[in-house]
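Down below is the structure, laid out as structure tokens.
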Amino acid sequence: MTDTQRADREKIIGHIHCIFQSFLKRDREAIKKAHTEDWVGFLGPSVGIERGIDAYMANVDKSLESFKGTGFELLDTEVQLYGDLALVYYVARYQYEGEDGSSHSLPLRSVDVYRRESGDWIQAGSHITVIPTGGAWGQASRP
């Protein structure tokens, strides 16, 4: 891996951390700025392809209403660079507080598409899902 590739990888992983931090801070504008206008993908509740930032933000609004995030961990990451595009695979755990104040966590897996625009990396697409409970992840709870 070249120094440039290593730096790109670090920028992309840092960007993912910023997105999670923005959810924890409930910062809707920061979340929106972290994604392209033409974002495309699948989110947890998606039954069809979500197209554009407005569709993404509609899901963000539901998430911010439903979950009070308290923490997250990136457990595993893989970044594959292809010029000004990157495929990013990760597994994470998102902690949140239930309506009764109890602690819960969601194990997540995602494939993100990143695109370099004006020298910076930005998320252009994603497929994020909750990992089903049971097996090795048996500690997870769902709302």
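Heads up, the sequence shown is in my numbering, so the first residue is 20 and it goes up one at a time.
Think of the CB as a built atom: it goes at the ideal place given N, C-alpha and C, for glycine as much as any other residue.
Nothing here was measured: the structure is a model prediction, and the numbers come from that model.
The beta carbon of residue 130 is closer than 6 Å to those of 108 and 146 in its chain, skipping five residues each way along the sequence. Boundaries for residue 66: no alpha helix (DSSP H) harbours it, and the DSSP string shows neither H nor E there.
The distance from the Cβ of residue 138 to that of residue 114 is about 33 Å, inconsistent with a contact at the 8 Å cut-off. Taking a C-beta distance under 7 Å as the contact criterion, residue 25 and residue 98 do not qualify as a contact pair. Between residue 83 and residue 135, the C-beta gap is not smaller than 7 Å, which leaves the two residues out of contact. Taken through DSSP and simplified to helix, strand or coil, residue 141 comes out as strand. By the Cβ neighbour-count rule, residue 100 is buried, with 16 or more other Cβ atoms within 10 Å of its own. Closest option to residue 103, judged by alpha-carbon separation, among 110, 132, 96 and 64: 132.
The beta-bridge partner set that DSSP reports for residue 53 is empty. For residue 152, the secondary structure class from DSSP, reduced to helix, strand or coil, is coil. Between residue 38 and residue 53, the gap from beta carbon to beta carbon is short of 7 Å.
Close CB contacts of residue 92 within its chain, under the 7 Å cut and outside five residues either way in sequence, are with 111 and 112 (chain order). A straight line joining the alpha-carbon of residue 61 with that of residue 21 spans about 32 Å. Residue 33 counts as exposed, since fewer than 16 other beta carbons sit within 10 angstroms of its beta carbon.
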